[in-house]
Structures are given as C-alpha cells and as structure tokens.
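Student: Numbering (the numbering used here), first residue to last: 6 to 199.
For glycine and all other residues, C-beta sits at the position ideal for the given N, C-alpha and C.
Quick one: the structure is below, and I'll ask about it shortly.
Following this line, the structure appears as structure tokens:
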C-alpha cells in the first residue's frame, strides 16, 4: 500500500495568518479605544475649562458690579453727608442772621428811645455822651454786614435761588431776596426782623 502523506491544515480561522490578523485587530481596537478615550478626556477638559472660564468671568463680573455698587453707595453717603453739612451750615447761618436781625431791631428800639430824650436841658458833655452811643448804634445797624454775609452764603449755596426772583421782578433788592429765601426755608417774616 502506498502511503500518501498529507497534512491537514487547520481551519482558516485558526491559521497563523488569522492569528496575526486577530492580533492586529486587537491592537488596532485597543489603539482606537485608547484614542477615543483620549479625545473624550480632551473634550471633557475643554468643556470643563470653558465652564471654569465662564464661572470665573461671571464671578469677576459680579465682583466688579459689587465694587461699582459699593462705590456708588460710598458716593451717595458722601453726598448725603455733604448735604447734611450744608443744611447744618444753612441753619447756623439763618440762626445767626436772625439773631443779628433781632439785635438790629433792639438797637433800633434803643435808638428811637434815645432820640425821644430831650437833650436841650443837658450840658454839652452829657449831650455828647448821649449822642455817641446813638451814632454807634446807627453805624452798627447800617453796616449791614450780616446781610452781606448771608447774601454771600446764599450765592455760594443757592446761587440760582436769588437769580430767579431778580429776573422775574428786577426791582427786587438783596434783602427782599434774602427774605424770600427765609420764607422758602419756612421762616416767618416776623422772625426775620427788618
């Protein structure tokens, strides 16, 4: 008998080339999976950085807004403080002007009483002693320094207030304008004196 020798090759899926192909497919799959994971990680990091940047910008914007609001509040408080100071100065000036006006009224009363005294029967020295205070009182009342100070203050603080009545009614005097201011400040005319 003759012996024929033959070899049975393994099926194609168990062939050396198939194993090589399997190995290449596994390596390629691992490589692609790894690359896909890397891409996904990069993408996540990118979105995370964008989110962090957005949050940072949002916080920065909020901080700037709060800082701006604080600066506005500080400015408002400063303005309120200045307004309070101006009101206090106004009241102080009005009070001192009222005191001067009352003093002038009293001086005018004293002056009128001195004028009523009959000095014909007095000697020259006594007449001089009586007329000297009378002249001093007249001089003090006529200096009108308090009204000038008041007008200066009014021009500094309420510069438009005196212009309006003078433009509407040109014959208005400074004292009348000042009295108008007193009336505007709810101070009655009788309290202002002449």
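Assuming residue 25 is part of the alpha helix (DSSP H), what are its boundary residues?
Tutor: Counting along the chain, the alpha helix (DSSP H) containing residue 25 begins and ends at 21-121.
Student: Which residue's Cα is closest to the Cα of residue 120: 127, 107, 136 and 126?
Tutor: The shortest CA-to-CA distance from residue 120 to any of 127, 107, 136 and 126 is the one to 136.
Student: Output the distance between the C-alpha atoms of residue 134 and residue 115, rounded to the nearest integer angstrom.
Tutor: 15 Å
Student: By the three-class DSSP mapping on this structure, what secondary structure does residue 136 have?
Tutor: helix
Student: Is it buried or exposed, residue 142, if we count other Cβ atoms within 10 angstroms and call 16 or more buried?
Tutor: buried
Student: Measure the alpha-carbon distance for residue 69 versus residue 91 and round it to whole angstroms.
Tutor: 32 Å
Student: With DSSP run on the structure shown, which of helix, strand or coil describes residue 142?
Tutor: helix
Student: Within 10 angstroms of the Cβ of residue 49, are there 16 or more other Cβ atoms? Answer buried if so, exposed if not.
Tutor: exposed
Student: So what does DSSP say about residue 131, is it helix, strand or coil?
Tutor: helix
Student: How many Å lie between residue 200 and residue 111 at the Cα?
Tutor: A question about residue 200 goes unanswered here, because the residues of the chain that appear run from 6 up to 199.
Student: Assuming residue 146 and residue 109 are in contact, meaning their beta carbons sit under 8 Å apart, how far apart are those beta carbons, in whole angstroms?
Tutor: 5 Å
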